[in-house]
Amino acid sequence: MVKQLINDFKKNFKRNSNFTQWPGLIEAYKEWLPISKKTPIITLQEGGTPLIELKSINKIIDKNVKVYAKYDGLNPTGSFKDRGMTMAISKAKEEGCKAVICASTGNTSAAATAYAKKGGMKSFVLIPDGYVAQGKLAQALVYGAEVLAIKGNFDKALKIVQEMSSKFPITLVNSVNPYRLQGQKTAAFEVVDALGEAPDWLCIPMGNAGNITAYWMGFNEYYQHGISKKLPQMMGFQAEGSAPLVLGRTIDNPDTIATAIRIGNPVNKEKANIVKKESNGKFIAISDKDIINTYKLLGEEEGIFCEPASAASVAGLIKLKEEIPKNSTIVCVLTGNGLKDPDCAIQNNEAVFKSGIEPELEIVAKSMGF
Ligand code: AN7
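Counting from 1, position 151 in the sequence shown corresponds to residue 420 in our numbering; the numbering is continuous, with no gaps.
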């Protein structure tokens with residue numbers, strides 16, 4: 270039975286399939302990546318994440334659409350950043366680098382540090398003081414980062430690390446590092462491998478707009494090799510208080526509950542605008558209220574706990590409901606795991622929580638309404 274399943278899997282999947290356990294995305298897609306025999310592969314077996322149909326969202330849209338979540342919060346450090354880091358850190362190691370640096374709203378710092386430490390390198394991270402979700406900070410600390418919390422936002426931190434890496438022997442692993450996007454493009458390959466074709470729409474949250482750029486690269490490479498017959502329209506979503514790509518200008522003081530995408534001056538803005546144009550896509554701003562409502566809906570209806578920034582992709586799709594073509598296939602990228610931001614979860618839910626209950630059957634039963 271299992272053998273049969275593995276054989277079917279090997280037959281149906283275009284990626285390198287001489288493996289029975291998911292080997293990590295570099296091994297799975299090595300023909301598509303800029304690595305050589307001498308690249309030391311630093312991996313936590315990232316990638317290979319599930320594509321999950323969101324039946325409650327199909328119902329809300331009600332146009333015979335199939336909506337899927339690409340649940341990248343299931344990566345080893347809980348976000349899509351692992352895809353980029355396995356590549357960036359492997360190449361840094363190949364080049365003899367001893368330390369890496371990044372600015373981060375949280376997820377990049379967790380992923381960079383996990384992979385850097387696995388590769389025997391130091392990891393320095395600059396974060397906006399007070400604006401990184403607790404789970405992400407906990408990860409950076411446990412993986413052994415040197416954390417510098419600065420009195421300023423992500424954009425300021427990025428400027429500093431860019432300068433640091435040009436002056437000192439330290440490799441920058443933010444998404445200006447081209448290997449990051451190479452690793453991240455594999456998510457598009459996985460989507461096409463799983464569906465057998467590219468989706469009609471790809472819905473994705475945007476911060477620095479590295480991920481939307483990487484997906485577009487991946488979809489294009491498969492398309493150019495004839496593996497898919499079409500290209501998706503790329504739908505990028507930002508939080509209303511932090512929407513430089515929607516408004517077409519830098520935001521000096523970005524603000525949103527979705528701290529992952531609290532970015533006012535995206536480094537990949539030119540690339541993102543090209544993606545929008547080439548794919549005939551759209552960039553839309555979503556209110557924090559809509560983000561949180563969708564965050565709760567995904568938890569309560571789908572059993573999927575994602576972080577607020579990730580919920581923006583599904584909230585954005587719902588906002589564009591009237592424009593969705595009938596019978597289409599849509600993929601929403603859920604970029605990060607809900608466990609990253611426990612404070613947001615505890616403050617935003619409709620659950621019943623009664624505390625201080627005496628440990629007696631009758632009292633418990635009564636509290637439950639029996
Ligand atoms: C969950 O960790 O920028 O548009 O420093 O953590 O590629 O920037 C995080 C970004 C979406 C936006 N969803 O991706 C960082 C950081 C989650 C994220 C984004 C981020 P890009």
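Every residue, glycine too, gets a C-beta built ideally from N, C-alpha and C. Please read all numbers here as calculations on a predicted model, not as lab measurements.
Smallest Cα separation from residue 538: which of 549, 513 and 300? 513
Less than 7 Å between the CB of residue 252 and some heavy atom of ligand 1, yes or no? The structure shown does not extend to residue 252, since the chain is modelled only from 270 through 639, so no value can be given for it.
Any chance the CB of residue 348 is under 7 Å from a heavy atom of ligand 1? yes
Below 8 Å between beta carbons: does that hold for residue 394 and residue 414? yes
Are the CB atoms of residue 575 and residue 550 within a distance shorter than 8 Å? no
Own chain partners of residue 602 with C-beta closer than 6 Å, once the 5 adjacent residues on each side are dropped: 339, 473 and 582
Just to confirm before moving on: does the CB-CB distance between residue 484 and residue 454 stay below 8 Å? yes
Out of 319, 359 and 349, state which residue places its alpha-carbon closest to the alpha-carbon of residue 296. 359
Would you say residue 474 touches ligand 1, meaning its beta carbon is less than 7 Å from a heavy atom? yes
Under a CB-based cut-off of 8 Å, is residue 588 close to chain D? Of the chains in the structure shown, none is chain D; there is only one protein chain.
What residue range does the beta strand (DSSP E) around residue 536 cover? Run containing residue 536: none; DSSP gives neither H nor E here.
On the three-state DSSP scale, how would you describe residue 464? helix
Judging by CA-CA distance, which residue of 372, 445, 388 and 457 is the nearest neighbour of residue 417? 372
Would you kindly check if the distance between the Cβ of residue 378 and the Cβ of residue 409 is under 8 Å? yes
How far does the beta strand (DSSP E) with residue 407 in it reach, from first residue to last? That residue, residue 407, is in no beta strand (DSSP E); its alpha helix (DSSP H) goes 403 to 412.
Output the residue ranges of the beta strand (DSSP E) runs that lie fully inside the segment 499 to 573 and measure 3 residues or longer, sorted by chain position. 502 to 508 and 551 to 555
Closest to residue 389 by CA distance: which of 370, 366 and 432 is it? 366
Can you tell me whether residue 518 is buried or exposed? The criterion is at least 16 other CB atoms within 10 Å of its CB, across all chains shown. exposed
Closest by CA to residue 288, which one among 430, 317, 531 and 573? 317
With DSSP run on the structure shown, which of helix, strand or coil describes residue 622? coil
CA nearest to the CA of residue 329, picked from 615, 593, 543 and 381: 593
Is the number of C-beta pairs between the segment 625 to 634 and the segment 418 to 430 that are closer than 8 Å three or more? no
Helix or strand or just coil, what does DSSP make of residue 305? coil
Should residue 341 go down as buried or exposed, given a rule of 16 or more other Cβ atoms within 10 Å for buried? buried
Evaluate residue 547 with the Cβ neighbour count: other Cβ atoms within 10 Å of its Cβ, from every protein chain shown; 16 or more gives buried, anything less gives exposed. exposed
According to DSSP, is residue 595 helix, strand or coil? coil
Below 7 Å, is the gap between the Cβ of residue 605 and the nearest heavy atom of ligand 1? yes
Nonlocal neighbours in the same chain, by C-beta distance under 6 Å from residue 459, ignoring five residues either side: none
Do residue 506 and residue 555 have their C-beta atoms closer together than 8 Å? yes
According to DSSP, is residue 292 part of a helix, a strand, or is it coil? coil
Grab me the residues of residue 568's own chain with a C-beta within less than 6 Å of its C-beta, minus the 5 sequence neighbours each way, in chain order. 574
Is any non-hydrogen atom of ligand 1 found closer than 7 Å to the C-beta of residue 542, if you look at the structure I gave you? no
Own chain residues within Cβ distance below 7 Å of residue 333, not counting five before or after: 595 and 596
Using a threshold of 7 Å, is the CB atom of residue 466 nearer than that to any non-hydrogen atom of ligand 1? no
Have a look at 553, 578 and 552 and flag the residue whose alpha-carbon is nearest the alpha-carbon of residue 562. 578
Evaluate residue 630 with the Cβ neighbour count: other Cβ atoms within 10 Å of its Cβ, from every protein chain shown; 16 or more gives buried, anything less gives exposed. exposed
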